[in-house]
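Reading through the C-alpha cells given below for one structure.
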Amino acid sequence: MKEERKPRRTATEAAAKVPKMVRANLTENLKAKEQGKPVAYSFIVNGYDEIIRAMDIVPAWVENYSGVCAAKRDAGRFLEKAEAESFSRSLCTYATCGLGFDIWRHELQGEMPPDAPWGGMAKPDIILGSGQMLCDPRYKWPQAAQHYMQDVPVYIGGLYWPPYDRNIDQREVEKYYVKYAVEELRGAIHFIEKHTQRKMDWDKLGELVDLVDKTWNLFIEAYELRKAIPTPMDTGDAMNTMVPLAFMLGTQEAYDFYKDLCGELKQKNEKREGVVADEKYRLLWGAGLPSWFALSDFQYFNSKGATFPVERTYREAELIYRLDLPKGNDPLEHIAWRWVRYWTHWYDRARKRPASLPEVERLIEYIEDYKIDGVVFHEAFSCRTWHTGIILQAEVLKKVYREIPIMILEGDIVDISSYNEADTHHRIDAFIETMETAKNKR
Amino acid sequence: MERTSGKGLELVEKYYRDYGCRAKELKRRGKKIMGYLSALGPLEIITAAGFIPVRMKGDVNEPITKADSQMETIVCPFVRNVFDSALKGRYDYLDGMVIPHTCDSISRTYDIWSYNLQLPYSHFLNVPHVTDEPSLEFFKEILGTFVKSLEKFTGNKISDERLAQAVETYNQNREAIRQLYELRKSHPPLISGVEMMKVLVAAMSLPVEESTELISSVTDEVKKRGGTPAEKSARIMVVGDQIDDTALIEIIEKAGARMVMDDISIGSKIYWPDIEVTQNPIDGIAERYLRKIKLPTTYRDTGETYQDKLEERFGHIRQFIKDFRVDGAILFIYKYCDPYGFEVPATKTYIESLGTPVLYLEEEYSTSTFGRLKTRIEAFLEMIA
Numbered sequence: 011m012k013e014e015r016k017p018r019r020t021a022t023e024a025a026a027k028v029p030k031m032v033r034a035n036l037t038e039n040l041k042a043k044e045q046g047k048p049v050a051y052s053f054i055v056n057g058y059d060e061i062i063r064a065m066d067i068v069p070a071w072v073e074n075y076s077g078v079c080a081a082k083r084d085a086g087r088f089l090e091k092a093e094a095e096s097f098s099r100s101l102c103t104y105a106t107c108g109l110g111f112d113i114w115r116h117e118l119q120g121e122m123p124p125d126a127p128w129g130g131m132a133k134p135d136i137i138l139g140s141g142q143m144l145c146d147p148r149y150k151w152p153q154a155a156q157h158y159m160q161d162v163p164v165y166i167g168g169l170y171w172p173p174y175d176r177n178i179d180q181r182e183v184e185k186y187y188v189k190y191a192v193e194e195l196r197g198a199i200h201f202i203e204k205h206t207q208r209k210m211d212w213d214k215l216g217e218l219v220d221l222v223d224k225t226w227n228l229f230i231e232a233y234e235l236r237k238a239i240p241t242p243m244d245t246g247d248a249m250n251t252m253v254p255l256a257f258m259l260g261t262q263e264a265y266d267f268y269k270d271l272c273g274e275l276k277q278k279n280e281k282r283e284g285v286v287a288d289e290k291y292r293l294l295w296g297a298g299l300p301s302w303f304a305l306s307d308f309q310y311f312n313s314k315g316a317t318f319p320v321e322r323t324y325r326e327a328e329l330i331y332r333l334d335l336p337k338g339n340d341p342l343e344h345i346a347w348r349w350v351r352y353w354t355h356w357y358d359r360a361r362k363r364p365a366s367l368p369e370v371e372r373l374i375e376y377i378e379d380y381k382i383d384g385v386v387f388h389e390a391f392s393c394r395t396w397h398t399g400i401i402l403q404a405e406v407l408k409k410v411y412r413e414i415p416i417m418i419l420e421g422d423i424v425d426i427s428s429y430n431e432a433d434t435h436h437r438i439d440a441f442i443e444t445m446e447t448a449k450n451k452r
Numbered sequence: 004m005e006r007t008s009g010k011g012l013e014l015v016e017k018y019y020r021d022y023g024c025r026a027k028e029l030k031r032r033g034k035k036i037m038g039y040l041s042a043l044g045p046l047e048i049i050t051a052a053g054f055i056p057v058r059m060k061g062d063v064n065e066p067i068t069k070a071d072s073q074m075e076t077i078v079c080p081f082v083r084n085v086f087d088s089a090l091k092g093r094y095d096y097l098d099g100m101v102i103p104h105t106c107d108s109i110s111r112t113y114d115i116w117s118y119n120l121q122l123p124y125s126h127f128l129n130v131p132h133v134t135d136e137p138s139l140e141f142f143k144e145i146l147g148t149f150v151k152s153l154e155k156f157t158g159n160k161i162s163d164e165r166l167a168q169a170v171e172t173y174n175q176n177r178e179a180i181r182q183l184y185e186l187r188k189s190h191p192p193l194i195s196g197v198e199m200m201k202v203l204v205a206a207m208s209l210p211v212e213e214s215t216e217l218i219s220s221v222t223d224e225v226k227k228r229g230g231t232p233a234e235k236s237a238r239i240m241v242v243g244d245q246i247d248d249t250a251l252i253e254i255i256e257k258a259g260a261r262m263v264m265d266d267i268s269i270g271s272k273i274y275w276p277d278i279e280v281t282q283n284p285i286d287g288i289a290e291r292y293l294r295k296i297k298l299p300t301t302y303r304d305t306g307e308t309y310q311d312k313l314e315e316r317f318g319h320i321r322q323f324i325k326d327f328r329v330d331g332a333i334l335f336i337y338k339y340c341d342p343y344g345f346e347v348p349a350t351k352t353y354i355e356s357l358g359t360p361v362l363y364l365e366e367e368y369s370t371s372t373f374g375r376l377k378t379r380i381e382a383f384l385e386m387i388a
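So the sequence lines, in the order shown, correspond to chains A and B. The numbering of the first sequence is the numbering used here, which starts it at 11 and goes up by one. The numbering of the second sequence is the numbering used here, which starts it at 4 and goes up by one.
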C-alpha cells in the first residue's frame, strides 16, 4: 500500500515542473497505441535518443517508471511479484520493479495492475536495450522482460567505450570503438524499421544530433551556474532537472527546459539567492543513484546548512568543445564519437597524476570548481554498476588529492526496506559534525 | 610434473587440495604465470605469449576477512572471495592478470584488483555482450589490442604459428576431458561427481599439456573400474557459473544421488566448444569465446520465435539431459550475480518444459550456508525419487 506523502519542496521552479513532465511522458506512452504510434521500452544513455525521436517512436522509460514507483513508496508490491518469479532481491531494483510490473500486467492479460502509479506503463511494441558498459541490466532486463512479452522483439546493440588503461592511450583504440558503435546504431535503425514500418528521416536525425549537442551545452552551462556561493540549486533539485537530459534528449522541450533553467539560476545568482540562507558546507554527491523514496534527505542536509552544488550522478553530458569531436557529416558517427569521448574525457588527467583514476579526476575537478568541503557517496545494494569502486574512489581521492571529509551512505534506489530514516539522519548529523571540525581546522 | 601413470586421481587430489601448487613450482623454475577470471580468459593467446594460465578461484570454506575493506559487499560473493584470497597472498606468484568483461561484478572491480594487487601486468579484456557480426569484428580488434599489450610486456612477438599451435593443443585438451565426461553416462557413472569436480579444478591450474596428460591418465584409471550393478539413484545435473568446490556435490552424493553432468563455467561450458582452425587464428579464437561458449554474459538472439531464442540459449541443456539421462537439475546461482540472476525464470521454464524438475538455489560462495542447503537438496531428491 503506498504512503500518502507531502510533495517534496524544490529550490527551483524548473525542478518543480518536472513531475508533470514525467507524468506527461507516461500518459503519452499509454495513449500511443490509440494513436497508432509505436512504443519502445528504452533505457537512458543507450545512444538511441536521436534515433527514437527522428523515427517518431514513443519511448517508455522503464527505469524512470521504477523511480516513480519508488518515489511514491509503491514499489514493494512489484518487487515482490518479481521475487515470486525467482528474480533475486539482489538484482537491480529498477529492473525487478519494472519486471514485477510487466509480470503483473501479463497475468492480467494486458490490463494495468490495480492502482498502478500514474496509470502504469503501456506494453511496448519493441524493446531497445544495449550491451554496453553502462550496466548489465541493459541487456539482461530486456531479455528477461521478453519472457513475459514473448511477441515483443528486442534489440540489444553494443555501444562500448575504451576502458582506462595507464599503458594504452585510448586514442590508439577509439576508432574501432566508434566503428562498432556506428554499426550497432545502424542495426538499431534497421530493427526499428523492420518492426514498426517507420522509416528513418535522415535529415531530421542530423537536426536532432545538432539539437542534442546544444542541449548538452545548455545543461552544463546551467549546472556551472551552481558554482556560485551560495549555490542556487542543489542535488535535491538535480534529481528532477536531469529528467529532460535523460528522458527527453533530442526534443525541443528538453532544450527549452535548460534554457529556462539557465535563466532562473542566473536570476537567483544575481540576487544571491541560495538553496539555504546560511550555506555553511558545500558537498559533492560523489557517486551513487539516489534513494528515490528518500529524496527529502537532501532537505535534511539543507536544514543543517549543507548544500550539494554538484553531483556526479545523472550528469551524463559535457560541453561539446571540451570533447574535441572530429568533424564529419555522418550523424551516427557524431553520436558515437560524442559518447566515446565523453566516457574517456578524464583519462588524460588520470594519466598525468600518479596513482589517480578517471573517476577521481572528475571528483577533483568538481571539488575545485564548486569549492567543495566534503563528499557524500551512496552505495545502493542492488546496483553493482554505479556503487562498486566507491571505497577505492574515496581512498584514492584522499591519497592523490587531499584529506577531505567523506561519508558513504548505504541503502538502495527503489527498495525502501533497506532504509531507516532515523538512522540516516543520525549519520548525516555525525557527518555534519565532522564537516564542522574540518572547517575549524582550516 | 610427477608421472601420472595409474596415479591420476591421486595427483588430482593433490592439485585440488593445494590449488596452484604446480604453478608455484613452475614459477620457481622460471616460468611465467598469468591469472585470469571466468570462462572468457583467452587461454590460447595467454599460452602463445609464453605464460601458463591459471584460473583464479576462492575458497568456500574460508570466510572473507580482508576483501570487505576494499571491495563493496554488494559485489558477487565469488568475486569477493577470490579477491580475498588474492589479498591473503594466495596468488602472489602471478606475473600478471587478465580480467575479461563478463559482468559488472568483474568489470567494475577491475580498478580495485589492479590497485590492490599491483601486479607487473594487468589487462581488462573488453569482451562485448552482444554476438552479432559487428560485435565479432569488434572482439577481434579487442583481442588484437590484448596481443599487442602482451607483446609489449614480454618484448616478444606472438606469431600466428604459436597461436595455431596453442589452438591445437587446447582443442586436444578439451577432447580429452570430453572423453572423461563420457564415463559419466553409465549408471552409476564410472567417475563420481566429487571426483569429476576435483579433476575440473585441478585442470584449471596446470599448463595445458600437463592438464591433458593428467586427464587422460584419470580416464584410463577410471575405465579400469568394473561396472557396478545398476542402482536406484537420481541422476543430477548442476547448472551455474564457477562452482569450483566439492562441497555442493558431496551433499548431493551423500544424499544418495549421482551428479552426472554439469552446465557450469569450469565444466562443460568451456570443454564442449572447440576452436575451428582458421587461417588467422584470432578469427577462430574470437568465434569460440564470443559465440560458442554459452554464458549468460553474452546475448544471443537469432531465433525467430521466443521458443527459438530459448532453444538457442539453452538447447545444449536439452542434449545433456538426454545424453546423460538426467533426472533433475539443480540451478545454483550466487547472490548478487546479475547475468545468471536475470536468467533464472527462463532457465527454469526451459528445463521444466523438458519434463525435468529444477531446484533453484540462491547462495553465497561459502559453505557457511550449506546446512539449510542440505535440507532443501534432500527434499528435492525425495521428490524426484
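No residue lacks a Cβ here, since even glycine has one placed at the ideal position from N, Cα and C. Since this is a predicted model, take the numbers as computed values, not measurements.
query: Quick one, which of B:Met37, B:Tyr292, B:Ser152 and B:Gln182 has its alpha-carbon nearest Asp223 (chain B)'s?
result: On the second sequence, residue 223 (chain B) is found 220 positions in, with the first residue counted as 1. Answer by Cα proximity: B:Gln182.
- prompt: How big is the Cα-Cα spacing for Pro348 (chain B) and Leu109 (chain A)?
  reply: One-based indexing of the second sequence puts residue 348 (chain B) at position 345. One-based indexing of the first sequence puts residue 109 (chain A) at position 99. Using only the alpha carbons, I get a separation of about 12 Å.
- prompt: With 16 other CB atoms within 10 Å as the buried threshold, where does Ala154 (chain A) fall?
  reply: Within the first sequence, the letter at position 144 stands for residue 154 (chain A). Buried.
Beta-carbon contacts of Ala365 (chain A) that lie in its chain and below 6 Å, excluding the five residues immediately before and after: Locating residue 365 (chain A) in the first sequence gives position 355, counting from the first residue. Here the set comprises Val410.
- request: State the Cα-Cα distance for the pair Val32 (chain A) and Met258 (chain A), rounded to the nearest angstrom.
  value: As a working note, residue 32 (chain A) is residue 22 in the first sequence. As a working note, residue 258 (chain A) is residue 248 in the first sequence. Between Val32 (chain A) and Met258 (chain A), the C-alpha separation is close to 10 Å.
Assigned exposure category for Ser313 (chain A) - 16 Cβ within 10 Å defines buried: In the first sequence, counting from the first residue as 1, residue 313 (chain A) sits at position 303. Classification for Ser313 (chain A): exposed.
- prompt: To which residues of the same chain is Trp295 (chain A) closer than 7 Å at the C-beta, ignoring the five residues directly before and after it?
  reply: On the first sequence, residue 295 (chain A) is found 285 positions in, with the first residue counted as 1. Hits under 7 Å: Thr245, Phe318, Glu321, Arg322, Thr323 and Val386.
query: CB-CB under 7 Å to Gly306 (chain B), same chain, minus the five flanking residues each way: which ones, in chain order?
result: Here residue 306 (chain B) refers to the residue found at position 303 when the second sequence is read from its first residue. So the list reads Lys312, Glu314 and Glu315, once near-sequence residues are dropped.
- prompt: How do the region 390-401 of chain A and the region 98-106 of chain A stand: do at least 3 beta-carbon pairs fall below 8 Å, yes or no?
  reply: yes
field: Limits of the alpha helix (DSSP H) - the one that Pro137 (chain B) falls within
entry: Counted from its first residue, the second sequence places residue 137 (chain B) at position 134. Start and end: Glu136 to Thr157.
- prompt: With respect to the beta strand (DSSP E) encompassing Met445 (chain A), which residues constitute its N-terminal and C-terminal limits?
  reply: Reading the first sequence from its first residue, position 435 is the one you call residue 445 (chain A). Run containing Met445 (chain A): none in the beta strand (DSSP E); it sits in the alpha helix (DSSP H), Glu431 to Lys451.
field: Residue interval of the beta strand (DSSP E) (run including Leu293 (chain A))
entry: If you number the first sequence from 1, residue 293 (chain A) lands on position 283. It spans Tyr291 to Ala297 - the beta strand (DSSP E) in which Leu293 (chain A) sits, taken as one unbroken run.
- request: Specify, as a first and last residue, the run of the alpha helix (DSSP H) that His116 (chain A) falls within.
  value: The sequence position of residue 116 (chain A) within the first sequence is 106, counting from 1. Counting along the chain, the alpha helix (DSSP H) containing His116 (chain A) begins and ends at Thr103 to Glu117.
field: Segment contact flag, the region 424-440 of chain A with the region 285-295 of chain A, C-beta cutoff 8 Å, min 3 pairs
entry: no
message: Rounded to whole angstroms, what is the Cα-Cα separation between Ile438 (chain A) and Ile414 (chain A)?
response: Translated into the one-based positions of the first sequence, residue 438 (chain A) becomes position 428. Translated into the one-based positions of the first sequence, residue 414 (chain A) becomes position 404. Cα-Cα distance, rounded: 16 Å.
field: Same chain, Cβ closer than 8 Å to Leu89 (chain A), five either side skipped, listed in chain order
entry: Taking the first sequence and counting its residues from 1, the one referred to as residue 89 (chain A) is at position 79. Closer than 8 Å at Cβ, skipping near neighbours: Arg99, Thr103, Thr106, Cys107, Gly110, Val424 and Asp425.
query: Rounded to the nearest angstrom, how far is the Cβ of Ala238 (chain A) from that of Cys272 (chain A), given a contact under 8 Å?
result: Residue mapping note: residue 238 (chain A) aligns to position 228 of the first sequence, counting from 1. Residue mapping note: residue 272 (chain A) aligns to position 262 of the first sequence, counting from 1. Not a contact, Cβ separation roughly 13 Å.
field: C-alpha gap between Arg177 (chain B) and Gly9 (chain B), whole angstroms
entry: As a working note, residue 177 (chain B) is residue 174 in the second sequence. As a working note, residue 9 (chain B) is residue 6 in the second sequence. Between Arg177 (chain B) and Gly9 (chain B), the C-alpha separation is close to 21 Å.
Reduced DSSP category for Glu23 (chain A) - H, G, I as helix; E, B as strand; rest coil: Residue mapping note: residue 23 (chain A) aligns to position 13 of the first sequence, counting from 1. Reduced to three states, the DSSP call for Glu23 (chain A) is helix.
task: Following the continuous beta strand (DSSP E) through Ile77 (chain B), name the residue where it begins and the one where it ends.
output: Stepping through the second sequence from its first residue, residue 77 (chain B) is reached at position 74. Counting along the chain, Ile77 (chain B) falls outside any beta strand (DSSP E), and DSSP gives it neither H nor E.
Leu90 (chain B) beta carbon less than 8 Å from that of Asn119 (chain B): The residue you call residue 119 (chain B) lines up with position 116 of the second sequence. The residue you call residue 90 (chain B) lines up with position 87 of the second sequence. Yes.
message: Any beta carbon of chain A sitting closer than 8 Å to that of Gln73 (chain B)?
response: Numbered from 1 along the second sequence, position 70 holds the residue referred to as residue 73 (chain B). Gln73 (chain B) counts as touching chain A.
- request: Compute the Euclidean distance between the alpha carbons of Glu420 (chain A) and Ala85 (chain A), then round it to the nearest angstrom.
  value: Within the first sequence, numbered from 1, the residue matching residue 420 (chain A) stands at position 410. Within the first sequence, numbered from 1, the residue matching residue 85 (chain A) stands at position 75. Approximately 19 Å between the Cα atoms of the pair.
message: Helix, strand or coil for Met366 (chain B)? Go by DSSP, reduced to three states.
response: Position 363 of the second sequence, counted from the first residue, corresponds to residue 366 (chain B). Correcting the residue type first, residue 366 (chain B) is Glu in the shown sequence and not Met. The answer is strand: DSSP assigns Glu366 (chain B) an E or B state.
- prompt: Which residues in chain B sit within 8 Å of Thr22 (chain A), going by Cβ to Cβ distance?
  reply: The residue you call residue 22 (chain A) lines up with position 12 of the first sequence. Those do not exist, as Thr22 (chain A) stays about 33 Å from chain B at its closest Cβ, beyond 8 Å.
field: Status (buried if at least 16 other CB within 10 Å, exposed otherwise) for Gly23 (chain B)
entry: Indexing the second sequence from 1 puts residue 23 (chain B) at position 20. Buried: at least 16 other Cβ atoms inside 10 Å.
task: Would you be able to state if there are at least three C-beta pairs under 8 Å between the region 124-135 of chain A and the region 368-385 of chain B?
output: no
task: Report yes if the CB atom of Ala179 (chain B) is closer than 8 Å to the CB atom of Ile218 (chain B), and no otherwise.
output: Along the second sequence, one-based indexing puts residue 179 (chain B) at 176. Along the second sequence, one-based indexing puts residue 218 (chain B) at 215. Yes.
query: Would Val130 (chain B) pass as a contact of Thr112 (chain B) if the rule is Cβ separation under 8 Å?
result: By one-based count along the second sequence, residue 130 (chain B) stands at place 127. By one-based count along the second sequence, residue 112 (chain B) stands at place 109. Going by C-beta atoms, Val130 (chain B) is not nearer than 8 Å to Thr112 (chain B).
- prompt: Rounded to the nearest angstrom, how far is the Cβ of Phe317 (chain B) from that of Thr350 (chain B), given a contact under 8 Å?
  reply: Along the second sequence, read from residue 1 onward, the residue named residue 317 (chain B) stands at position 314. Along the second sequence, read from residue 1 onward, the residue named residue 350 (chain B) stands at position 347. Indeed they touch by this definition, with Cβ atoms about 7 Å apart.
field: Short CB-CB distance (under 8 Å) between Tyr324 (chain A) and chain B
entry: Residue mapping note: residue 324 (chain A) aligns to position 314 of the first sequence, counting from 1. No, Tyr324 (chain A) does not count as interfacial toward chain B.
Asp197 (chain B) - containing alpha helix (DSSP H), residue span: As a first step, residue 197 (chain B) is located in the second sequence; it is residue number 194 there, counting from the start. The residue asked about is misnamed: residue 197 (chain B) is Val in this sequence, not Asp. Run containing Val197 (chain B): Gly196 to Ala206, per the alpha helix (DSSP H) assignment.
Nearest-angstrom Cα separation, counted from Asp286 (chain B) out to Asp135 (chain B): Here residue 135 (chain B) refers to the residue found at position 132 when the second sequence is read from its first residue. Here residue 286 (chain B) refers to the residue found at position 283 when the second sequence is read from its first residue. Taking the straight line joining both Cα atoms gives about 14 Å.
query: In angstroms, rounded to a whole number, what distance separates the CA positions of Val28 (chain A) and Thr22 (chain A)?
result: As a first step, residue 28 (chain A) must be located in the first sequence, where it is residue number 18. As a first step, residue 22 (chain A) must be located in the first sequence, where it is residue number 12. Val28 (chain A) and Thr22 (chain A): Cα-Cα distance of roughly 11 Å.
query: Going along chain A in order, which residues have a C-beta closer than 7 Å to the C-beta of Lys277 (chain B)?
result: Here the question's residue 277 (chain B) lines up with position 274 in the second sequence. Note that residue 277 (chain B) is Asp in the sequence shown, not Lys. What Asp277 (chain B) touches in chain A: nothing, since even the nearest Cβ is about 25 Å away.
- prompt: When the distance is taken between beta carbons, is Arg379 (chain B) closer than 8 Å to Ser357 (chain B)?
  reply: To locate residue 357 (chain B), count along the second sequence from 1; it is residue 354. To locate residue 379 (chain B), count along the second sequence from 1; it is residue 376. The residue asked about is misnamed: residue 357 (chain B) is Leu in this sequence, not Ser. No, the Cβ-Cβ distance between Leu357 (chain B) and Arg379 (chain B) is not below 8 Å.
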